[in-house]
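Peer 1:
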Amino acid sequence: MTVTEERVRRPPTRGTTDRRSPRKRGALQRAVGRNLTAYGFLCGALICFALFSWYPMFREIVLSFQQNNFVDPGRWVGFDNFRTVIADPAFAAAWLNTAAFSGLALVIGYAVPFVLAVVLNELKHAKAYLRFVVYLPVMLPPAVAVLLFKWFYDPGAGLFNQALDAVHLPPLSWLDSTSTALVSLVIVSTWMNLGTGTLIYLAALQSIPGELYESAELDGAGLFKRVRHVTIPQTKLILLVMLLLQIVATMQVFIEPYLLTGGGPENATVTVAYLMYQYAFNFGDFGGGSALGLMLMIVLMVFSAIYLRVSREAER
Amino acid sequence: MRTLVSPQSLRTPRGRIVYWTILTLTVVGFTGAFVFPLYWMVTGALKSPDELAQIPPSFFPKTFDFQVYADAWEQLQLGVFLKNTALYAGGAWLFTLAVDVTAAYALSKLRPVLGKLVLGAMLATLMIPPMVLLLPTYLVAKDLPILHLDLLNTPWAIWLPAAANGFFVFLLKRFFDSIPKELLEAAEIDGATPMRILWSIVLPVSRPIIGVVSILSVVTVWKDFVWPLLVLPETSKMSISVGIASLSAQMPQNVLIASLVIASLPTILVFFVFQRSIMAGLTAGSLKG
């Protein structure tokens, strides 16, 4: 493959030096022409990426060290923005909640899809239905799913408390109590996203060669041993990729606290992304918001970098 | 195909009982967890406010009055919101294809100087979660550098950022890489321009991947919430998700629920029709997202 490519890209140069120079000029012209065409094709993407990905990244860093009213040129304030947000009592709460949200979402949202996928992979009936149904919530617009659950969480006639009542359990205050609010957010989030993980695991499970299970069984491995020594090692990379993807995704949680709780009660559901939004759009402090964003970016980039590395590995 | 459980053990009486039990549990469990909430939503909208507040709740609505859907449509200006969202999603789709397909083609087949660097810079954007760049990106949309245009409340604020998608460029480039060189060279010798090659050879053979990218881009814009919340603050410009969320507080509950049903119909319908492509995109996305 590489050999042919090289041959095509660099036309073989033959003959004497005298003959070569006009030929060379032709090649140079062609190369310039090809590059101009290529960049012509690329210009749309370069503009879009520059405006909405590359420049904002740079701007984020600048903003977080500036005090800015967007009329006068920004004033450099060093680490003042960082000091302000760190001194905010909501700051520690936001990070703890974000970590707790991610952790809880991982406990449910990471293990459950794997178990579901293993079960689904064994079933010979209703396969299409089950796959369709588990992915259905993923297709709902998240705002719809969240508002739907807001209604389910209603302390009075809400579906969840009605269900608890039906089995003679006391009602919960779901979104209104500091002890349950965050968990309630995790439940919505998990419900919305479970299908993705399940179907990805399912695809990975289907690529495991059956002989591995056969020989493990011949060696006397029971069901759980087979899961442990065949299924998990064979899907190890996907499991790792999904773990990182989940961490990065759940740590950006915003829409659930924004629509369900507004960060309350008593900062119990304030998350870093939500606090960032509040700083910028409720307090009008873009510097503080950007400082928070930068901190979150640094944390998430570590996970993203590992994720990209691992996923490239998984691709092979 | 052989899986975790051997076919022999499934044929034993005990195996059969276990299998059918698990199958039943799974079907019932999945239906309860994923379909029932949707059933509750659709029927909830049909209930009168009194019936909605009633304890214990009724499983079937007493009345089948579809008037509430008509009310929701009118009171929440759902027609406007849906039209807006279709405009945003449709435009984003066209932009994404125009921008990302040409970029991927240039990077894959024309291979310009520094092409690898450009691709790397595009892929690097995948490392930065969109949420953390929310504020500076918002400022770009509010005051476009150099041109100083205010894109807020215009579709451009949705279209242009949607096109800057490193994942789509990567997916397309990977597919284009697999198109045999001989095919393009033959056309080149016949004097076809790069544009013509892209249009008449590359695009037709890339239909599957273009389908996947199309559906993903439309669904992504349709489902998005935070970005349209920021850049389309004017009520008449809102997308359906943002519109419903921002008007939810003032609406009677059954009207709000009816509007949730209407808002979820388009994506569910898309899923019904394009299931296969969506799931193909999902597994492609899992490996590099």
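As you go down the protein sequences, you meet chains A and B in turn.
Numbered as in the numbering used here, the first sequence ends at 316 without a single skipped number.
Numbered as in the numbering used here, the second sequence ends at 289 without a single skipped number.
C-beta atoms are modelled at their ideal positions from N, C-alpha and C, and glycine is treated no differently.
(1) What residue range is occupied by the uninterrupted alpha helix (DSSP H) comprising residue 217 (chain A)?
(2) Going along chain A in order, which residues have a C-beta closer than 8 angstroms to the C-beta of residue 2 (chain B)?
(3) Indicate whether at least one CB of chain B lies closer than 8 angstroms to the CB of residue 177 (chain A).
(4) Within this structure, are the beta carbons of residue 267 (chain B) and residue 223 (chain B) separated by less than 8 angstroms?
(5) Just to confirm before moving on: does the CB-CB distance between residue 144 (chain A) and residue 237 (chain A) stay below 8 angstroms?
(6) Looking at residue 58 (chain A): is its Cβ nearer than 8 angstroms to the Cβ of residue 78 (chain A)?
(7) Measure the alpha-carbon distance for residue 250 (chain A) versus residue 152 (chain A) and round it to whole angstroms.
(8) Excluding the 5 residues preceding and the 5 following residue 173 (chain B) in the sequence, name in chain order all residues of the same chain whose CB lies nearer than 6 angstroms to its CB.
(9) Which of the three DSSP states is assigned to residue 13 (chain A) in this structure?
(10) Quick test of your reading: residue 38 (chain B) and residue 136 (chain A), contact by CB under 8 angstroms. State the CB separation rounded to the nearest angstrom.
(11) Given that a residue counts as buried once 16 or more other Cβ atoms are within 10 Å of its Cβ, and exposed if not, what is residue 93 (chain B)?
(12) Report the residue from B:181, B:255, B:278, B:272 whose alpha carbon sits nearest the alpha carbon of residue 214 (chain B).
(13) Quick one: Cα of residue 149 (chain B) to Cα of residue 279 (chain A), how far?
(14) Please list the partners that residue 223 (chain B) has in chain A, where partner means a Cβ-to-Cβ separation under 7 angstroms.
(15) Locate the alpha helix (DSSP H) running through residue 224 (chain A), then write down its first and last residues.
(16) Could you tell me whether the Cβ of residue 98 (chain B) comes closer than 8 angstroms to any Cβ of chain A?
(17) For a contact meaning CB atoms closer than 9 angstroms, what does residue 289 (chain A) contact in chain B?
(18) Out of A:156, A:148, A:67, which one is the CA nearest neighbour of residue 53 (chain B)?
(19) Taking only beta-carbon atoms, is residue 68 (chain B) less than 8 angstroms away from chain A?
(20) Residue 5 (chain B) CB to nearest chain A CB: under 8 angstroms?
(21) When you compare only the Cα positions, how much space is there between residue 187 (chain A) and residue 105 (chain A)?
(22) Could you list which residues in chain B have their beta carbon closer than 8 angstroms to that of residue 168 (chain A), in chain order?
(23) Would you say residue 187 (chain B) reaches chain A, if we count a Cβ-Cβ gap shorter than 8 angstroms as a contact?
(24) Taking a Cβ distance cut-off of 8 angstroms, strictly less, list which residues of the region 71–85 of chain A are near chain B, in chain order.
(25) Given this structure, state the Cα-to-Cα distance separating residue 129 (chain A) from residue 231 (chain A), to the nearest angstrom.
(26) According to DSSP, is residue 196 (chain B) part of a helix, a strand, or is it coil?
(27) Starting from residue 142 (chain B), follow the alpha helix (DSSP H) in both directions and report where the run begins and ends.
(28) Quick one: using the 10 Å Cβ neighbour count with 16 as the cut-off for buried, is residue 25 (chain B) buried or exposed?
(29) Counting beta carbon pairs with one atom in the region 296–310 of chain A and one in the region 106–115 of chain A, are three or more of them shorter than 8 angstroms?
(30) Can you find at least 3 beta carbon pairs, one from the region 133–140 of chain B and one from the region 43–58 of chain A, that sit closer than 8 angstroms?
(31) When you compare only the Cα positions, how much space is there between residue 241 (chain B) and residue 269 (chain A)?
(32) For residue 224 (chain A), is the classification buried or exposed, using 16 other Cβ atoms within 10 angstroms of its Cβ as the cut-off for buried?
(33) Hey, could you find the ends of the alpha helix (DSSP H) residue 85 (chain B) is sitting in?
(34) Once the 5 residues before and after residue 273 (chain B) are set aside, which same chain residues still bring their CB inside 7 angstroms of it?
(35) What residue range is occupied by the uninterrupted alpha helix (DSSP H) comprising residue 238 (chain A)?
(36) Among A:312, A:51, A:33, which one has its Cα closest to the Cα of residue 160 (chain B)?
Peer 2: Let me lay it out:
(1) 210–218
(2) 210, 211, 213, 214
(3) no
(4) yes
(5) no
(6) no
(7) 22 angstroms
(8) 104, 107, 108
(9) Note on residue 13 (chain A): pLDDT 47, under 50, position unreliable in the model; the coordinate value appears next. Correct three-state label for residue 13 (chain A): coil.
(10) 7 angstroms
(11) buried
(12) B:278
(13) 25 angstroms
(14) 141, 142
(15) 223–226
(16) yes
(17) 134, 135
(18) A:156
(19) no
(20) yes
(21) 8 angstroms
(22) Going along chain B, no residue has its Cβ under 8 angstroms from residue 168 (chain A), so there is no contact; the nearest lies around 12 angstroms.
(23) no
(24) none
(25) 24 angstroms
(26) helix
(27) 134–142
(28) exposed
(29) no
(30) yes
(31) 22 angstroms
(32) exposed
(33) 78–96
(34) none
(35) 236–250
(36) A:51
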